[in-house]
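All residue numbers for the sequence shown refer to the UniProt record's numbering, where the first residue is 1 and numbers rise by one.
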Amino acid sequence: MRTITGAAPVRGGATGVHRPLWSLTMKAVRRFTVRASVPEELSGLTALATNLRWTWHPPTRDLFASMDDPLFRRIRDPLRMLTAVPAERLRELAADEDFLARTRAATEDLERYLTEPRWYQRRAAEGDGQRCPEGVAYFSMEFGVHEALPNYSGGLGVLAGDHLKAASDLGVPMIGVGPLYRSGYFRQSLSLDGWQVEHYPVIDPSGLPLELLTEPSGEPVLVHVAMPGGRELRAQVWLARVGRVPLLLLDTDIDGNDDDLRGVTDRLYGGDADHRIRQEILAGIGGMRAVRRYCELTGHPQPEVFHTNEGHAGFLGLERAREILAAGGPGFDEVLQAVRAGTVFTTHTPVSAGIDRFPVDLVQRYFGDGRLLPAIDVRRVLALGAEDNPGMFNMAHMGLRLAQRANGVSALHGRVSRRMFARLWPGFDEDEVPVRSVTNGVHGPTWVAREMSALLGGSDEEWGHDGPGSSGGPGSGIDGGVTDEQLWDLRRDLRAKLVAEVRRRARDAWLQRGASALELGWTERIFDPDVLTVGFARRVPTYKRLTLMLRDPDRLRALLLDDDHPIQVVVAGKSHPADEGGKALIQQIVRFVDDPAVRQRIVFLPDYDMSMARYLYRGCDVWLNNPTRPLEACGTSGMKAALNGCLNLSIRDGWWDEYYDGSNGWAIPTADGVSDPLVRDDLEAAALYDLLGQQIAPLFYDRDPNGVPKGWLSMIWHTLRTLGPRVQASRMVREYVESYYLPAATTVADATADSYAGSRSLAEYRRRLDTYWSRVRVVDTDLTVDGDSLVVGTEARVRARIDLAGLGESEVSVQAVVGRVGDTDDLHDVVTVPMEPSGRGEFTARLRLPHAGALGYTVRVLPRHRLLASPAELGKVVHA
Ligand SMILES: *Cc1c(COP(=O)(O)O)cnc(C)c1O
Numbered sequence: 001m002r003t004i005t006g007a008a009p010v011r012g013g014a015t016g017v018h019r020p021l022w023s024l025t026m027k028a029v030r031r032f033t034v035r036a037s038v039p040e041e042l043s044g045l046t047a048l049a050t051n052l053r054w055t056w057h058p059p060t061r062d063l064f065a066s067m068d069d070p071l072f073r074r075i076r077d078p079l080r081m082l083t084a085v086p087a088e089r090l091r092e093l094a095a096d097e098d099f100l101a102r103t104r105a106a107t108e109d110l111e112r113y114l115t116e117p118r119w120y121q122r123r124a125a126e127g128d129g130q131r132c133p134e135g136v137a138y139f140s141m142e143f144g145v146h147e148a149l150p151n152y153s154g155g156l157g158v159l160a161g162d163h164l165k166a167a168s169d170l171g172v173p174m175i176g177v178g179p180l181y182r183s184g185y186f187r188q189s190l191s192l193d194g195w196q197v198e199h200y201p202v203i204d205p206s207g208l209p210l211e212l213l214t215e216p217s218g219e220p221v222l223v224h225v226a227m228p229g230g231r232e233l234r235a236q237v238w239l240a241r242v243g244r245v246p247l248l249l250l251d252t253d254i255d256g257n258d259d260d261l262r263g264v265t266d267r268l269y270g271g272d273a274d275h276r277i278r279q280e281i282l283a284g285i286g287g288m289r290a291v292r293r294y295c296e297l298t299g300h301p302q303p304e305v306f307h308t309n310e311g312h313a314g315f316l317g318l319e320r321a322r323e324i325l326a327a328g329g330p331g332f333d334e335v336l337q338a339v340r341a342g343t344v345f346t347t348h349t350p351v352s353a354g355i356d357r358f359p360v361d362l363v364q365r366y367f368g369d370g371r372l373l374p375a376i377d378v379r380r381v382l383a384l385g386a387e388d389n390p391g392m393f394n395m396a397h398m399g400l401r402l403a404q405r406a407n408g409v410s411a412l413h414g415r416v417s418r419r420m421f422a423r424l425w426p427g428f429d430e431d432e433v434p435v436r437s438v439t440n441g442v443h444g445p446t447w448v449a450r451e452m453s454a455l456l457g458g459s460d461e462e463w464g465h466d467g468p469g470s471s472g473g474p475g476s477g478i479d480g481g482v483t484d485e486q487l488w489d490l491r492r493d494l495r496a497k498l499v500a501e502v503r504r505r506a507r508d509a510w511l512q513r514g515a516s517a518l519e520l521g522w523t524e525r526i527f528d529p530d531v532l533t534v535g536f537a538r539r540v541p542t543y544k545r546l547t548l549m550l551r552d553p554d555r556l557r558a559l560l561l562d563d564d565h566p567i568q569v570v571v572a573g574k575s576h577p578a579d580e581g582g583k584a585l586i587q588q589i590v591r592f593v594d595d596p597a598v599r600q601r602i603v604f605l606p607d608y609d610m611s612m613a614r615y616l617y618r619g620c621d622v623w624l625n626n627p628t629r630p631l632e633a634c635g636t637s638g639m640k641a642a643l644n645g646c647l648n649l650s651i652r653d654g655w656w657d658e659y660y661d662g663s664n665g666w667a668i669p670t671a672d673g674v675s676d677p678l679v680r681d682d683l684e685a686a687a688l689y690d691l692l693g694q695q696i697a698p699l700f701y702d703r704d705p706n707g708v709p710k711g712w713l714s715m716i717w718h719t720l721r722t723l724g725p726r727v728q729a730s731r732m733v734r735e736y737v738e739s740y741y742l743p744a745a746t747t748v749a750d751a752t753a754d755s756y757a758g759s760r761s762l763a764e765y766r767r768r769l770d771t772y773w774s775r776v777r778v779v780d781t782d783l784t785v786d787g788d789s790l791v792v793g794t795e796a797r798v799r800a801r802i803d804l805a806g807l808g809e810s811e812v813s814v815q816a817v818v819g820r821v822g823d824t825d826d827l828h829d830v831v832t833v834p835m836e837p838s839g840r841g842e843f844t845a846r847l848r849l850p851h852a853g854a855l856g857y858t859v860r861v862l863p864r865h866r867l868l869a870s871p872a873e874l875g876k877v878v879h880a
């Protein structure tokens with residue numbers, strides 16, 4: 001198992017793999033099989049098969065399907081097609097003028113896609129003073145691009161994949177980087193009594209759409225990372241092409257490594273703290289080194305902005321500090337300013353328990369001997385991850401301290417994150433904590449059924465989200481042209497495809513559980529293409545409440561078996577292998593669905609992954625989500641469902657809290673204040689049954705004389721029209737570009753120009769604050785109003801005398817803050833007005849009283865420096 005076929009495909013000459021010229025890249029690791037058997041005339045197919053753009057480009061898939069349709073339907077992977085199609089058929093195709101012409105057209109289309117200017121290039125040409133970075137590196141522990149590259153566990157990875165795809169469509173010069181796992185995430189099956197069983201199929205990278213990154217000598221590129229005890233961890237680097245975006249995947253399973261180190265990238269989210277810190281050191285520090293080498297070899301511009309998808313790869317900031325120090329840059333404090341300026345940190349967890357932490361002595365062990373990051377004192381490292389518990393190192397805290405810009409993944413999650421991290425910014429109101437939000441999105445071309453985009457008239461390009469004109473929503477059909485009947489036929493077609501898939505998978509699952517084929521005739525009759533279909537598929541942590549629907553089994557049974565308005569339910573989800581509680585929940589579901597009385601209407605499908613997800617999001621009528629609010633940071637499956645005309649039925653959590661508008665689906669009322677979780681479950685489950693039985697099913701079955709549910713369809717049209725554009729990953733990536741990447745690149749340029757003059761100035765300023773800040777105080781203040789009537793809008797003058805304790809007037813911001821006061825004198829609904837110096841330490845401002853009722857005001861002093869992104873950034877404030 002240890003040898004890697006194709007680990008060192010020595011090839012002379014062809015160095016670097018960046019340019020979209022397949023002639024350079026054809027010689028990937030599959031040379032033994034592919035090059036030997038694909039006739040020269042068909043060489044374009046290899047380029048098409050090794051760029052994962054085919055995963056969101058149906059015409060490319062059609063081309064491969066036309067080689068051998070039944071075969072393609074079985075393996076669904078163009079690269080594997082090239083080895084699986086019989087040689088005789090390949091020879092036939094090589095002589096088939098029509099096929100050759102279509103291959104040529106497809107390769108030309110890919111070439112055009114890879115090279116033409118797109119949204120980002122046009123944005124860069126606008127020249128509005130913001131710097132458009134020439135490169136952005138995106139770090140994630142998992143990437144879910146397609147099931148053909150099983151390197152993800154769930155939402156976080158699929159989001160990362162969608163981020164890269166949308167970046168590619170928009171032309172954002174992004175490089176993705178993360179580990180490549182030998183066993184990816186586990187495959188799930190069930191035991192006879194419904195217990196989750198895990199399998200870890202070992203993948204062979206040379207069988208995946210990957211190429212090994214090589215040095216000019218032809219040797220594999222090796223990234224080195226120092227380990228304690230004088231050891232070295234090495235990783236080779238695989239390249240996946242995600243459209244225009246290179247994705248670099250680090251693999252430690254190579255001969256040069258000690259046995260235990262070969263296993264660093266063995267599997268996703270397995271192992272103890274020691275295993276995890278090695279993975280994260282590899283992802284952050286090794287990942288950074290891989291990106292550098294990749295850019296050197298290929299001429300891809302070096303990234304200016306570094307985005308971490310969750311905090312696992314946070315050590316990358318320290319590696320960048322090391323680089324600058326090694327190049328003779330200024331001191332660590334100065335370097336840190338430059339590093340922070342270019343780092344964006346996205347947090348995904350709404351609970352402290354979900355944050356990645358390590359024992360301090362573990363961090364000490366890896367960073368303490370000075371080999372991993374020479375010139376960086378381990379005490380500086382430890383300080384960056386400090387938290388309340390002095391024995392723990394907190395990756396999220398380090399993430400926030402090393403990133404000048406940070407965000408949560410929905411508006412609600414942004415608020416929850418500001419509260420969660422408020423202690424890092426003492427003295428500030430929660431809403432001033434500098435953690436903002438970008439609501440996640442999903443990659444439309446990946447997730448929308450092609451039947452849907454075809455009906456609604458969106459061309460593939462139009463669905464490719466390239467530009468301001470194309471909202472990314474469906475095409476012209478949505479605003480007329482397509483009738484209710486047509487849309488309803490399509491919905492039925494998608495539902496029927498799901499039903500066929502359910503039957504197939506249910507049968508396979510039973511065969512795996514040990515049933516014999518003879519007993520399984522019933523699986524061909526389960527589900528019905530005309531019954532209201534509800535989907536519920538997600539990982540199984542407690543907060544997602546997989547079994548909420550079982551709260552009152554009789555009520556659920558009644559809904560399933562209703563004579564007039566039956567519903568059918570597909571359930572799927574994996575439990576973390578170490579989570580026995582989660583497995584018990586799965587078993588509970590499985591026991592319920594195994595009952596012959598209900599099994600034609602409810603099913604649990606094992607092994608939820610992208611290939612199953614696709615059928616579910618497209619074929620369901622209702623997508624159910626019932627997390628305990630506010631524990632779902634965003635959730636994206638419901639977005640994918642919405643794009644296909646499936647309506648959401650969800651607790652108002654994550655994205656749904658923000659996007660639910662009263663007529664694009666249903667909100668399950670939350671029993672937010674109820675502290676007893678069982679009572680809360682009872683209340684919310686009852687609300688769920690009520691909605692399903694009293695509103696949703698009646699609406700679905702309310703038909704016009706042609707059998708069309710007009711009311712239902714009007715909700716689908718509304719969903720497509722209003723949610724369609726907003727749930728797109730292209731909207732999300734554009735937001736990151738405009739509000740994070742561009743400002744970050746602009747600040748970096750300012751911080752690093754003239755031998756880091758900006759960084760030096762900010763570091764020097766921070767040192768001055770350390771000396772003087774504790775003595776800054778507001779000596780006295782007053783608020784005066786002309787005349788004597790206080791009404792809303794009356795102009796007031798606020799004056800304050802400030803003792804700046806040696807700081808200059810231009811080094812601080814002084815603000816007057818006016819708002820409502822309650823009994824405790826806390827200010828709410830505040831209006832903040834800058835105060836101007838008026839000589840002799842006095843500052844004044846004019847403002848209008850903003851509210852009626854009890855008001856209060858205060859004055860505060862904040863740091864000011866042009867390289868700060870937010871006045872709260874340094875966590876310093878002095879109040880009157
Ligand atoms: C989209 C997706 C998820 C994430 O869905 P949530 O709504 O965040 O639970 C998980 N798994 C797969 C396979 C997905 O495609």
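Cβ coordinates follow ideal geometry from the N, Cα and C atoms, glycine included.
Note that the structure is predicted; figures quoted are calculated from it, not measured.
Closest Cα partner of residue i within the set the options
i, options, result
"residue 566", "548, 601, 592 and 268", "601"
"residue 296", "213, 573 and 634", "213"
"residue 748", "135, 809 and 205", "135"
"residue 345", "438, 373, 804 and 534", "438"
"residue 124", "278, 742 and 421", "742"
"residue 425", "862, 771 and 819", "862"
"residue 644", "625, 777 and 453", "453"
"residue 574", "541, 50 and 44", "541"
"residue 670", "682, 659, 661 and 663", "682"
"residue 616", "634, 626, 638 and 627", "638"
Host beta strand (DSSP E) of residue i (start-end)
i, result
"residue 836", "827-839"
"residue 529", "Note, residue 529: premise wrong, no beta strand (DSSP E); not H, not E."
"residue 136", "136-139"
"residue 227", "222-227"
"residue 246", "245-251"
"residue 307", "305-309"
Unbroken alpha helix (DSSP H) run spanning residue i, endpoints
i, result
"residue 88", "87-94"
"residue 553", "553-561"
"residue 397", "395-402"
"residue 275", "273-281"
"residue 858", "Looking at the DSSP string, residue 858 is not in any alpha helix (DSSP H); the run it does join, the beta strand (DSSP E), is 855-863."
"residue 483", "Segment: none, residue 483 is in no alpha helix (DSSP H) and carries neither H nor E."
CB-CB length for residue i against residue j, believed under 8 Å
i, j, result
"residue 502", "residue 605", "7 Å"
"residue 208", "residue 239", "Contact flag wrong, Cβ pair sits at about 11 Å."
"residue 799", "residue 842", "6 Å"
"residue 442", "residue 719", "Not really, about 14 Å apart at Cβ, beyond 8 Å."
"residue 266", "residue 131", "Not a contact, Cβ separation roughly 40 Å."
"residue 304", "residue 342", "6 Å"
"residue 877", "residue 427", "4 Å"
"residue 107", "residue 194", "Going by Cβ atoms, the distance from residue 107 to residue 194 rounds to 49 Å, so no, they are not a contact pair."
Taking the runs of the beta strand (DSSP E) that are 3 residues or longer, which of them lie wholly in the stretch 162-190?
As far as the stretch 162-190 is concerned, its whole beta strand (DSSP E) runs of at least 3 residues are 174-179 and 187-190.
In chain order, each beta strand (DSSP E) run of at least 3 residues that lies wholly inside the stretch 785-831:
At a cut-off of 3 residues, the continuous stretches assigned as beta strand (DSSP E) that sit fully inside the stretch 785-831 are 795-803 and 812-821.
Cβ pair count under 8 Å reaching 3, the stretch 494-501 against the stretch 751-765:
Counting C-beta pairs with one atom in each stretch, the stretch 494-501 and the stretch 751-765 have fewer than three that are closer than 8 Å, which means they do not touch.
What ranges does the alpha helix (DSSP H) occupy inside the stretch 730-782, keeping only unbroken runs of at least 4 residues that lie completely in it?
You should have 742-772.
With a threshold of 8 Å, are at least 3 pairs of Cβ atoms found where one atom belongs to the stretch 357-364 and the other to the stretch 378-397?
With contact defined as three or more Cβ pairs closer than 8 Å, the stretch 357-364 and the stretch 378-397 are in contact.
Minimum length 3: unbroken beta strand (DSSP E) runs contained in the stretch 336-408
If we require 3 residues or more, the beta strand (DSSP E) runs fully inside the stretch 336-408 come out as 343-346, 357-359, 392-394 and 405-408.
Start-end ranges of the beta strand (DSSP E) lying completely within the stretch 642-690, minimum 3 residues
Taking only runs of at least 3 residues, the beta strand (DSSP E) segments lying wholly in the stretch 642-690 are 647-651 and 665-668.
Would you list, in sequence order, the uninterrupted alpha helix (DSSP H) runs of no fewer than 4 residues that lie entirely inside the UniProt domain "DUF3417" (38-149)?
The UniProt domain "DUF3417" (38-149) contains these whole alpha helix (DSSP H) runs: 43-50, 58-65, 69-75, 78-84, 87-94, 97-115 and 119-126.
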